[in-house]
Amino acid sequence: MTCTRAADTAPALPGKATHWWAASRLVVAAAVLAAIALPAVVDAYTVSIANTALVMAVLTISTHLLANVAGLPSLGQAAYLGVGAYTAALLGAASLTAGPLLLVAAAAAGAVASALTAPLLLRTRGTAFLMTTFAVAELARTTASLWADVTGGDDGRHAAPVALWSGGPLLAADGHVYLYLLSVFLLLAVAMAVLLRSRLADMVRGFADHEPRLQGLGYRSGGILLAWLTIAGAVAGLAGGMLAAAHQYVSPADLSLDVSALALLAAAIGIGSMRGAVAGAVLVVAVRDLVGVHTAGHALALLGLTFLAVAYQQPLRARLHTIRSRR
Amino acid sequence: MTYAVTALDGLAFGLLLFTVAAGLSLIFGVLDILNLAHGSLYLAGAYCAYLFSDGSLAGLAAALAVGGLAGAAAGIVLAAVTRPLTRYGHLAHALATLGIAFLAADAFTTVFGGAPLPADPPDALAGSVRLGVHGYPVYRLAFIAVAAVIAIAVHLIITRTRAGALVRATVNDPAMAAATGVPTGLVQTAAVAGGAVLAVTGGVLGAPLLGPAPGVDTTVLVLSLIVVVIGGAGSIPGTLAGALLVGQVQTLGALAAPTTAPFTLCAVLLLVLTLRPRQAVRPI
């Protein structure tokens, strides 16, 4: 899998590329403005779906860091989302109301969980990595379902509404929660844009493309990939904290294969770029929650077709390219 | 004695997992594809058992025949669907097989509804026999016998026959195998079809143990994956050992310590991952 993509690094090419870069910036600016204006123009139901889309976008960024940047396709990021979500819900139940503090705690919990499992997951690559992340995540889901004292079992756990600061007014209306989550998402997006231009990210991309060669040059992948998995776990944990604030409810279903799979699908829709991954997350939630309700309960089939379409996008593009170059 | 009977249950469950996971392992070994639609194949077999179960052995035989043909067809389709993705990595394969699993789940729910359905064993195998002071279902004993035969047959086919040699050659070095005249494409398709038939057969025979219901596909997929991860992907004897271990952990664990049983499986998996040398792939 090629992991270095133009969209993650600012192209400094003259002419056409500069136009493209300016146009894509305009699209992002328009999308951000539309996202800010959203609660003023749509109904409460759509706003609640937009909240879900923001959570999915953050989980997708976590999956993007692994699948597209590190070349480690993970089917288990929902496990760290779950760790973050339950952490926020438990702290909320202990009367901690400051939302940002809960998010930091959720991200920290996700990071710790990821750092603990990373040495095991990193013994594998490729399909074996996919398999192992999936197995570990499913065990996390089973644990959430059976550890009823802490997680509330299959009934799930209520998460208290949050405030911006300790003792402040609670964010009750869906619109307010949405703007709060949107701010968190935008801050994270900026942080990730910086991270993806860092030396650490370059090293990770290097290991994804030429691990044996870099090891031959004396670089050790272990510590760098461990750090990368920990960061991805923190982002997934943050998504969990956002989920607890958005839905005010956490259950083992939030850790299921479907959630991880949708994040992987969204990351793949992005064809390697972070903004594409975010757009993919919005698309996936829209297909499932907006379009799906109009297809008489066949949202699952619609998603299945989306999965296949995304899987075939690369071969189809290659085929189109061959046909064009023959002419 | 209770433990011995439960261990027998664990053996049956382990062999059921082996039948499904061996197919998963075979497909993984030959094509380097993680078939995330493998649970759907089991579920197809289980629904087949429900459709044909009329209390007679002929019904079971019909279910096996129809299920086997459907499984072979599904395997050929799966091989054809995934072939164009070969150059595009693990992610494309995962997405394609997940897409198929989602479509299959939707189709099953549309046709069979959202409730669990009964799949009773044939009348000839319906009763129970006495094992000491306990009664034990005849069907489970028959299942253990049949599944053991399947396990031995799979092992012998892979290690002793020409077909098995072709599969092993294709797994170890597809380019070299192709250069020496092995029709690798055909071998791969046949191996995927064989893996799919194993999963569907597991579904038909296992339906009275783990019956058709929405969500069973994911359960079976997860347990088979854990078996393959524990046993070492691509290794049939490893898969058998992993399946028997998971079967015992699930049943004996549930009896000995009901509250901690799920954590036991978790602990076993983590232990295996910790102790095993890097990279889980071993040749068949």
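Residue numbers (my numbering), protein chains in the order written: chain C, 52 to 378; chain D, 2 to 285. Glycine included, each C-beta is placed from N, C-alpha and C at the ideal position. Here the structure is a predicted model, which is why all the values come from computation and not from measurement.
Span of the alpha helix (DSSP H), counted from its first residue to its last, around D/P238: The sequence position of residue 238 of chain D within the second sequence is 237, counting from 1. That run of the alpha helix (DSSP H) goes 237–257.
Three-way DSSP call (helix, strand, coil) for C/R370 in this model: Counted from its first residue, the first sequence places residue 370 of chain C at position 319. In the structure shown, C/R370 sits in a helix (DSSP, three-state: H, G or I).
Contained alpha helix (DSSP H) runs [length at least 4] in the stretch 172–232 of chain D, N- to C-terminal order: 175–180, 185–207, 217–232
Alpha helix (DSSP H) runs wholly inside the stretch 171–205 of chain C, at least 4 long, in chain order: 177–197, 199–202
8 Å Cβ cutoff met for D/D107 and C/G355: Position 106 of the second sequence, counting from 1, holds the residue named residue 107 of chain D. Position 304 of the first sequence, counting from 1, holds the residue named residue 355 of chain C. Yes, the pair counts as a contact, with Cβ atoms nearer than the cut-off.
Whole-number beta carbon distance between D/G207 and D/P119, since they are thought to touch under 8 Å: Indexing the second sequence from 1 puts residue 119 of chain D at position 118. Indexing the second sequence from 1 puts residue 207 of chain D at position 206. About 14 Å; that fails the 8 Å criterion.
Host alpha helix (DSSP H) of C/L110 (start-end): Your numbering for residue 110 of chain C matches position 59 in the first sequence. Per DSSP, C/L110 belongs to the alpha helix (DSSP H) from 95–115.
Chain C residues whose Cβ lies nearer than 7 Å to that of D/C267: Here residue 267 of chain D is taken as the residue at index 266 of the second sequence, counted from 1. Those within 7 Å of D/C267 in chain C are L190, T194.
C/Q128 and C/A285 closer than 8 Å at C-beta: Residue mapping note: residue 128 of chain C aligns to position 77 of the first sequence, counting from 1. Residue mapping note: residue 285 of chain C aligns to position 234 of the first sequence, counting from 1. In this structure, C/A285 does not lie closer than 8 Å to C/Q128 by Cβ.
Inter-residue Cα distance where the pair is D/P209 and D/G216: On the second sequence, residue 209 of chain D is found 208 positions in, with the first residue counted as 1. On the second sequence, residue 216 of chain D is found 215 positions in, with the first residue counted as 1. Cα to Cα, D/P209 sits roughly 16 Å from D/G216.
Best match in C/G135, C/L123, C/A149 for proximity to C/F185 [C-alpha to C-alpha]: Here residue 185 of chain C is taken as the residue at index 134 of the first sequence, counted from 1. Closest option to C/F185, Cα to Cα, is C/L123.
Extent of the continuous alpha helix (DSSP H) to which C/V134 belongs: Your numbering for residue 134 of chain C matches position 83 in the first sequence. Note, C/V134: alpha helix (DSSP H), 128–144.
D/A197 beta carbon less than 8 Å from that of D/G40: Locating residue 40 of chain D in the second sequence gives position 39, counting from the first residue. Locating residue 197 of chain D in the second sequence gives position 196, counting from the first residue. Against a cut-off of 8 Å, the Cβ pair of D/A197 and D/G40 comes out as no contact.
Span of the alpha helix (DSSP H) around D/L132: Counting from 1 along the second sequence, the entry for residue 132 of chain D is found at position 131. From DSSP, D/L132 is part of no alpha helix (DSSP H) but of the beta strand (DSSP E) over 129–132.
Buried/exposed call for C/Q266, threshold 16 Cβ in 10 Å: Along the first sequence, read from residue 1 onward, the residue named residue 266 of chain C stands at position 215. Per the 10 Å Cβ criterion, exposed.
Straight-line gap, C/Y300 to D/V134 (C-alpha atoms, nearest Å): Counting from 1 along the first sequence, the entry for residue 300 of chain C is found at position 249. Counting from 1 along the second sequence, the entry for residue 134 of chain D is found at position 133. Whole-angstrom Cα-Cα distance: 48 Å.
6 Å Cβ shell around C/T138 - same chain, five flanking residues per side excluded: By 1-based counting over the first sequence, the position of residue 138 of chain C is 87. A156, A157, A160.
Residues near D/L126 by beta carbon distance below 7 Å, same chain, minus five either side: Working through the second sequence from its first residue, we reach residue 126 of chain D at position 125. Here the set comprises V139, Y140, A143.
Classification of D/R88 by the beta-carbon crowding that lies within 10 angstroms, buried from 16 upward: Translated into the one-based positions of the second sequence, residue 88 of chain D becomes position 87. Label assigned to D/R88: exposed.
Own chain, CB closer than 8 Å to C/V83, minus 5 neighbours either side, in chain order: One-based indexing of the first sequence puts residue 83 of chain C at position 32. Hits under 8 Å: L237.
Buried or exposed by the 16-neighbour rule on C-beta atoms within 10 Å, applied to C/Y231: Looking up residue 231 of chain C in the first sequence gives position 180. Classification for C/Y231: buried.
Proximity to C/A149 [Cα-Cα], best of C/S217, C/L246, C/A166: Stepping through the first sequence from its first residue, residue 149 of chain C is reached at position 98. Comparing Cα positions, the closest option is C/S217.
Beta-carbon gap between D/H91 and C/G177 smaller than 8 Å: Counted from its first residue, the second sequence places residue 91 of chain D at position 90. Counted from its first residue, the first sequence places residue 177 of chain C at position 126. For D/H91 and C/G177, yes; Cβs fall inside 8 Å.
Three-way DSSP call (helix, strand, coil) for D/P138 in this model: Along the second sequence, one-based indexing puts residue 138 of chain D at 137. D/P138: strand per DSSP, three-state reduction.
Beta carbon proximity, C/F358 to chain D, threshold 8 Å: Against the first sequence, residue 358 of chain C aligns to sequence position 307. Answer yes: the Cβ-Cβ gap between C/F358 and chain D drops below 8 Å somewhere.
Burial state of D/I227 (16 or more Cβ within 10 Å): The residue you call residue 227 of chain D lines up with position 226 of the second sequence. It counts as buried.
Backbone CA spacing between C/M52 and D/V193 [nearest angstrom]: Working through the first sequence from its first residue, we reach residue 52 of chain C at position 1. Working through the second sequence from its first residue, we reach residue 193 of chain D at position 192. Its pLDDT being 39, under 50, C/M52 is placed unreliably in this model, and the coordinates cannot settle the point.
Sheet register partners of C/H209 (DSSP bridge): Position 158 of the first sequence holds residue 209 of chain C. Paired residues: C/Y300.
Proximity test, Cβ basis, 8 Å: C/A121 and chain D: For the purposes of this step, residue 121 of chain C is identified with residue 70 of the first sequence, where counting begins at 1. For C/A121, the answer is no, since every Cβ of chain D falls outside 8 Å of its Cβ.
C-alpha distance - C/R77 paired with C/W71, whole-angstrom precision: The residue given as residue 77 of chain C occupies position 26 in the first sequence. The residue given as residue 71 of chain C occupies position 20 in the first sequence. Correcting the residue identity first, residue 77 of chain C is Leu in this sequence and not Arg. Cα to Cα, C/L77 sits roughly 10 Å from C/W71.
Test: D/R283 CB closer than 8 Å to a CB of chain C: On the second sequence, residue 283 of chain D is found 282 positions in, with the first residue counted as 1. Low confidence applies here, because D/R283 scores a pLDDT of 41, under 50, leaving its location unreliable; read the following figure in that light. Not one chain C Cβ lies under 8 Å of D/R283.
Proximity of D/G72 and D/A178 at Cβ, strictly below 8 Å: Translated into positions along the second sequence, residue 72 of chain D becomes position 71. Translated into positions along the second sequence, residue 178 of chain D becomes position 177. No. Outside cutoff.
Interface positions of the stretch 230–249 of chain C facing chain D (Cβ-Cβ less than 7 Å), listed along the chain: none
Contact under 8 Å by Cβ, C/T357 with C/V329: Working through the first sequence from its first residue, we reach residue 357 of chain C at position 306. Working through the first sequence from its first residue, we reach residue 329 of chain C at position 278. Contact: no.
Cross-chain neighbours of C/A312 in chain D, by beta carbon under 7 Å: Numbered from 1 along the first sequence, position 261 holds the residue referred to as residue 312 of chain C. Near C/A312 (Cβ distances below 7 Å), the residues of chain D are L99.
CB contact check: C/T178 to chain D, cutoff 8 Å: In the first sequence, residue 178 of chain C corresponds to position 127, counting from 1. Answer yes: the Cβ-Cβ gap between C/T178 and chain D drops below 8 Å somewhere.
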